[in-house]
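Visitor: Handing you a structure now.
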Amino acid sequence: MRLTGRKSNLMAGAAANSSAMTADGPQLVVAGASKRFGGVRAVEGVSISVDRGQIVSIIGPNGAGKTSLLNMISGFYKPDTGSITFEGRDTTRARPAEIAALGIARTFQNIALFAGMTVLDNIMLGRHVHMRSGVLSSLVYWGLAQREEVAHRARCEELIEFLELEDLRKQQVSGLAYGLRKRVELGRALALDPKLLLLDEPMGGMNQEEKEDMARYILDVNRHWGTTIILIEHDMTVVMDISHQVNVFDRGRKIAEGTPAEVQGNPAVIDAYLGAGSHAGQQAA
Amino acid sequence: MTTDSTLPRLLRKNAATMAGRPAMREKDLGIWQPYSWRQYWDETRDFALGLAAAGFGAGDKLAVIGENRPRLYFAQLSAMCLGGTAVPAYQDAIAAELAYVLDHAEVSIVVAEDQEQVDKVLSLKDRLPHLKLVVYDDPRGLGDYDEPILKSFEAVQGDGRAFGAAHPGHVEAAVEAGKPGDLCLFSYTSGTTSRPKGVMLSHANLLSAADALSKSDDIRAGDDHLAYLPMAWIGNSLLSMALHLWVGFTCNYPEKPETLLRDLRELGPTIALAPPRFWENTLTAILVRAADASRLKRGLFSVFRTIAERAERRRGADGSVTAGLRLGLALGEALIYGPLRDQLGLRRARWVYTGGAPLGADTFRFFRAIGVNLKQVYGATELAGLCSVQADGDVDPDTVGRAFQGTELRIAEDGEVQVRSASVFQGYYKQEEATRATMTGDGWLKTGDAGFIDRRGHLVIIDRARDVGKLADGTVYAPQFVENKLKFSPYIGEAVTFGDARPFVAAIVAIDPVTVGNWAERQNLAYTSFQDLCARPEIAGLVREEIRKCNAMLPQAVQIRRFLVLNKEFDADDDEITRTRKIRRGFVAEKYASVIEALYGGRGEVEFAAEITYEDGRKAMMHSTLAIADVEEPEARREIAAPRAAEPAISAAQ
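Chains as they are written, first to last, in our numbering: chain A, -7 to 277; chain B, 4 to 657.
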């Protein structure tokens, strides 16, 4: 029951959202960014701009530079040339922690969680950036530290309910199935209360049902909190269903951008990415 | 206190006399959030006003679909306040089943828990001419729905407050106008034989059953009850609505069905009702965990289990427990029983009931042995839930206790149990013929169960009267009796036995995926899927051993001779069992006719094609080869009869 119900709604959601787009200037602008590793040109002169409240997908074959771009946005890599501006601030040279504090959160292609800790503790860690109490008051767990802990826990409980993790709250992450760990990682990223969420292959290695659930959570995050989302994903069905904008990368360059329909009809994309003679909408990579 | 009242009147009374006391607790965001009796009434009144604003009035029907949530109770009481009828539906019913109930009951307003249920109802909109309004509790995912008949619970209450300002005292007047004899609940039977039937119950029916139960057992306002049963089951309506209002204890609702066991432990309810399946599953979980525990713990568990069960048998026999046993019990209480009850969340439980179907004697004895006051109850939807219960200190695995005060029991000539009391229902909705067939001329309800009254005056239920048959040699044979013995095995999930007019008893067994999976792991047995696991010769061997154990407890004539391990579970979506998990024997016999013929035809295997239904109602055909085995067979033949690995081919068929 759940599957069909969700599926049909998934489409309705994407359609409703794209019509409600706002145009108060892009939230994130990457201008002419390049990154080399020795002789390898991972990213070459890429420019993208992302409007507030959108779901923007980046697709392309392996090694196209998708993850490198996310790493530059989140501050793990510094671009060799070009600039990155988030909400009017130049973040080209900012450190990852500073970028996180500005409201950019991410998940990783290979899950990055503390396996020996519980689901709740992992999500609580995501709140770290919002914690103000010092070492001393935290040690005695009194006053501000206690009030803070309670408030943050309440927020985490909202996320646990949102991601339907109630029954796993006190379970160690190491014992969870892969798809659930991905969901916990999304929770950890959401705990930051991000304005921009970077998702690196959130559905990698999932079965169809888990993918549909995850797509559903992504749409809900976008709709519920208006969070902007940049998504790297290989499953074309999902990408075309939930994205407002799609950027296509190939060998470090952006070769196309547009709405899912535009990209699917673009001959350069069909040639370079989906393979000559292929038809749009099919599973790639 | 007399039963001369109505549920909404009791709610108003409780709101006045126990205003600030917790009526309900719901676990939300990880915390048990209380609702006081005053809030229960306020929320109900506002919603009732909203219903009135939408044109809902006396004689109209309101359905609720979802897990136990306070708002679904507010909604049911709201309908009753206005003289309407509440129709709780099974939340896991597929759309076609739901359509039947909603249409048959002429439901005009549906209150659904969440998007999943709303989607289901909206997909049926065109088939439900009476439907005027769909109300949802959880707004998640419903923001973009453009559906004129869809409203949030808050919005209806908002409309209600506006309506209330213009019509002061509207709900209060309607409540006062309500009479005990008015219909207030349609409880649809799960239908083991046919389409569900709408059992019409009045306030007086429900309250007399609640009153009788509260007199049979000491139930107090301070009790904590955990309400997690399907809302559509009469047992839930009786405890979580009628008895709740009658006694004024606290009803607690778990966070999610998946968190039930954790919530149970956190809460430690003092009273609970659970179907046999819950106790069977819990025992299975305990045994699996014990098997995985360290040697010392496993040893202790086994020793003290034996002691406790021996003591329990003695208590049942003549009440004499030796000093040695008593010492063992005291030690076991500290080391095993107490901690185990605590883990299960039953440490505070003063009594817990099992009902809805018979529970295996060994399971029953186990829980009693570790100090859980488990008691059997008996009843029927047509009796507003219950009509008999075992008294404290007078408990026995084979009986269902004595009839409630004010309930008359008799055994008809053909062995059928018949009941007369104030709880006997008002008839099946729009099915007068079926109603007449269920009642005797002098006002007794025919329960359809075969049973007798033993020397102590306890009622003993044998089986459904129509299922009791005879083997070819004339031996009386009650299939459920045999199946219950089989189901005591932790490895057997469900079983159906055949034997009526047959030369011997044969069984179709569906294994329990969790315990058998766990067993296979410990045996280093590799398998790819549930179907593959079921087809393994080792599993057939395991099941054979379990059947032998069961046969040892059965008279020679009705021992199981041949069996087959099915490669799927019996599923309510496939109509094989009811939503309350009772085998639909006739349907199974028809569906598996070829398999049954093969069981009696002496063949070693059978080709079988079955239609399976996915959760969303889609259907597919599953083709497979099933192996049939004899329970007792010569060693030499075993190789030949060993089943071949048969991976089923699934072909989609819309």
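Ideal Cβ placement from N, Cα and C applies to all residues, glycine included. If you're wondering where the values come from, they're calculated on a predicted model, not measured in any experiment.
Residue 441 of chain B: which of B/606, B/421, B/151 and B/407 sits nearest, CA to CA?
Guide: Looking up residue 441 of chain B in the second sequence gives position 438. Of the listed residues, the one whose Cα sits closest to residue 441 of chain B is B/421.
Visitor: Please give me, in chain order, every unbroken run of the alpha helix (DSSP H) with length at least 4 that falls completely inside the region 54 to 129 of chain B.
Guide: 73 to 84, 98 to 107 and 118 to 126, all fully within the region 54 to 129 of chain B.
Visitor: Going straight from the alpha carbon of residue 1 of chain B to that of residue 209 of chain A, what length do you get?
Guide: Here chain B comprises residues numbered 4 to 657, so residue 1 of chain B is not present and cannot be evaluated.
Visitor: Pick out whichever of B/247, B/29 and B/416 has its Cα sitting closest to the Cα of residue 258 of chain B.
Guide: On the second sequence, position 255 is the one that residue 258 of chain B refers to. Answer by Cα proximity: B/29.
Visitor: Going along the chain, which residues of the region 256 to 274 of chain B sit with their C-beta nearer than 8 Å to a C-beta in chain A?
Guide: Those would be 258, 259, 261, 262 and 265, in chain order.
Visitor: What residues from the region 215 to 235 of chain B come within 7 Å of chain A, judged by C-beta to C-beta, listed N to C?
Guide: Here the close residues number zero.
Visitor: Can you find a CB in chain A that lies within less than 9 Å of the CB of residue 615 of chain B?
Guide: On the second sequence, residue 615 of chain B is found 612 positions in, with the first residue counted as 1. Chain A, which has no Cβ nearer than 9 Å to the Cβ of residue 615 of chain B, makes this no.
Visitor: Pull out every residue of the region 12 to 37 of chain B whose Cβ sits closer than 7 Å to any Cβ of chain C, in chain order.
Guide: The structure shown contains no chain C; its protein chains are A and B.
Visitor: Per DSSP, which one or two residues make a beta bridge with residue 81 of chain A?
Guide: For this step, residue 81 of chain A is matched to residue 89 along the first sequence. DSSP, once it has assigned bridges, lists A/78 as partnering residue 81 of chain A.
Visitor: Jot down the residue ranges of each uninterrupted beta strand (DSSP E) in the region 117 to 194 of chain B, minimum 3 residues, whole runs only, in chain order.
Guide: Entirely contained in the region 117 to 194 of chain B, the beta strand (DSSP E) runs reaching 3 residues are, in chain order, 136 to 139, 153 to 155 and 186 to 191.
Visitor: From residue 142 of chain B to residue 280 of chain B, what distance separates their C-alpha atoms?
Guide: On the second sequence, residue 142 of chain B is found 139 positions in, with the first residue counted as 1. On the second sequence, residue 280 of chain B is found 277 positions in, with the first residue counted as 1. So the two alpha carbons sit approximately 33 Å from each other.
Visitor: Are the CB atoms of residue 285 of chain B and residue 226 of chain B within a distance shorter than 9 Å?
Guide: To locate residue 226 of chain B, count along the second sequence from 1; it is residue 223. To locate residue 285 of chain B, count along the second sequence from 1; it is residue 282. Not a contact, by the Cβ cut-off of 9 Å.
Visitor: Around the C-beta of residue 500 of chain B, are 16 or more other C-beta atoms found within 10 angstroms, so that it is buried, or is it exposed?
Guide: Indexing the second sequence from 1 puts residue 500 of chain B at position 497. Label assigned to residue 500 of chain B: buried.
Visitor: Within this structure, are the beta carbons of residue 63 of chain B and residue 85 of chain B separated by less than 9 Å?
Guide: Walking along the second sequence from the start, residue 63 of chain B turns up at place 60. Walking along the second sequence from the start, residue 85 of chain B turns up at place 82. Against a cut-off of 9 Å, the Cβ pair of residue 85 of chain B and residue 63 of chain B comes out as a contact.
Visitor: Is there a C-beta anywhere in chain B that falls below 9 Å from the one on residue 103 of chain A?
Guide: Working through the first sequence from its first residue, we reach residue 103 of chain A at position 111. Taking Cβ atoms only, chain B never reaches closer than 9 Å to residue 103 of chain A, which makes this a no.
Visitor: Does the Cβ of residue 100 of chain B have 16 or more other Cβ atoms within 10 Å, making it buried, or fewer, making it exposed?
Guide: Translated into the one-based positions of the second sequence, residue 100 of chain B becomes position 97. That one is buried.
Visitor: Measuring only the C-alpha atoms, how far is residue 43 of chain A from residue 207 of chain A?
Guide: On the first sequence, position 51 is the one that residue 43 of chain A refers to. On the first sequence, position 215 is the one that residue 207 of chain A refers to. Roughly 20 Å between the two C-alpha positions.
Visitor: Chain A beta carbons: is any one of them nearer than 9 Å to that of residue 345 of chain B?
Guide: On the second sequence, position 342 is the one that residue 345 of chain B refers to. No, residue 345 of chain B does not count as interfacial toward chain A.
Visitor: So, under 8 Å CB-CB, residue 59 of chain A and residue 194 of chain A are touching, yes? Tell me the CB distance rounded to an integer number of Å.
Guide: Indexing the first sequence from 1 puts residue 59 of chain A at position 67. Indexing the first sequence from 1 puts residue 194 of chain A at position 202. Going by Cβ atoms, the distance from residue 59 of chain A to residue 194 of chain A rounds to 13 Å, so no, they are not a contact pair.
Visitor: Which chain A residues are close to residue 60 of chain B, counting only those with a beta carbon under 9 Å from its beta carbon?
Guide: Position 57 of the second sequence holds residue 60 of chain B. Going along chain A, no residue has its Cβ under 9 Å from residue 60 of chain B, so there is no contact; the nearest lies around 32 Å.
Visitor: Determine whether the beta carbon atoms of residue 391 of chain B and residue 411 of chain B lie at a separation below 9 Å.
Guide: Translated into positions along the second sequence, residue 391 of chain B becomes position 388. Translated into positions along the second sequence, residue 411 of chain B becomes position 408. No, they are not a contact pair.
Visitor: Ignoring anything shorter than 3 residues or poking outside the region 248 to 318 of chain B, list the beta strand (DSSP E) runs there in chain order.
Guide: Segments of the beta strand (DSSP E) lying fully in the region 248 to 318 of chain B: 253 to 256 and 274 to 277.
Visitor: For residue 401 of chain B, count neighbouring C-beta atoms within 10 Å of its own C-beta (all shown protein chains included) and say buried if the count is 16 or more, exposed if not.
Guide: Translated into the one-based positions of the second sequence, residue 401 of chain B becomes position 398. Residue 401 of chain B is exposed by the Cβ-count criterion.
Visitor: Against chain B, does residue 14 of chain A count as a neighbour if the rule is that its beta carbon must be under 9 Å from one of theirs?
Guide: Here residue 14 of chain A refers to the residue found at position 22 when the first sequence is read from its first residue. Here residue 14 of chain A scores only 43 on pLDDT, less than 50, and its place in the model should not be relied on; the value that follows carries that caveat. Chain B contact via Cβ: absent.
Visitor: Of the residues B/67, B/215, B/128 and B/221, which one's Cα is nearest the Cα of residue 189 of chain B?
Guide: Working through the second sequence from its first residue, we reach residue 189 of chain B at position 186. Checking every option, the nearest Cα to that of residue 189 of chain B belongs to B/67.
Visitor: Counting only beta-carbon separations shorter than 9 Å, does residue 8 of chain B have a partner in chain A?
Guide: Mapped onto the second sequence, residue 8 of chain B falls at position 5. Chain A contact via Cβ: absent.
Visitor: Does any residue of chain B have a CB that is nearer than 9 Å to the CB of residue 149 of chain A?
Guide: Your numbering for residue 149 of chain A matches position 157 in the first sequence. Closer than 9 Å to some Cβ of chain B, the Cβ of residue 149 of chain A qualifies, so yes.
Visitor: Cutting at 6 Å between CB atoms, please list the residues of its own chain near residue 74 of chain B, excluding the five before and the five after it.
Guide: Taking the second sequence and counting its residues from 1, one reaches residue 74 of chain B at position 71. Closer than 6 Å at the Cβ level, and outside the excluded window around residue 74 of chain B, lie 140 and 156.
Visitor: For residue 473 of chain B, which option in B/460, B/55, B/454 and B/503 has the closest C-alpha, if you only look at C-alpha atoms?
Guide: Translated into the one-based positions of the second sequence, residue 473 of chain B becomes position 470. Closest option to residue 473 of chain B, Cα to Cα, is B/503.
Visitor: Taking the alpha helix (DSSP H) that residue 206 of chain A falls in, what are its first and last residues?
Guide: As a working mapping, residue 206 of chain A is identified with position 214 in the first sequence. It spans 200 to 217 - the alpha helix (DSSP H) in which residue 206 of chain A sits, taken as one unbroken run.
Visitor: Classify residue 68 of chain A as helix, strand or coil using the three-state DSSP reduction.
Guide: Position 76 of the first sequence, counted from the first residue, corresponds to residue 68 of chain A. Note: residue 68 of chain A maps to coil in three-state DSSP.
Visitor: To test your reading of the DSSP string, which unbroken beta strand (DSSP E) runs of 3 or more residues are found completely within the region 429 to 489 of chain B?
Guide: List check, beta strand (DSSP E) in window: 448 to 456 and 462 to 467.
Visitor: Residue 237 of chain A lies in the alpha helix (DSSP H); which residues open and close that run?
Guide: For the purposes of this step, residue 237 of chain A is taken as the residue at position 245 of the first sequence. Residue 237 of chain A -> not in any alpha helix (DSSP H); beta strand (DSSP E) instead, spanning 237 to 242.
Visitor: Sort B/13, B/135 and B/381 by Cα distance to residue 249 of chain B and report the nearest one.
Guide: As a first step, residue 249 of chain B is located in the second sequence; it is residue number 246 there, counting from the start. Of B/13, B/135 and B/381, the residue nearest in Cα terms is B/13.
Visitor: For the beta strand (DSSP E) that residue 366 of chain B lies in, which residues bound it at each end?
Guide: Residue 366 of chain B sits at position 363 when you count from the first residue of the second sequence. Where residue 366 of chain B is concerned, there is no enclosing beta strand (DSSP E), although the alpha helix (DSSP H) it sits in stretches over 364 to 372.
Visitor: Within 10 angstroms of its Cβ, does residue 287 of chain B collect 16 or more other Cβ (buried), or is it exposed?
Guide: Reading the second sequence from its first residue, position 284 is the one you call residue 287 of chain B. Answer is buried; the Cβ neighbour count reaches 16.
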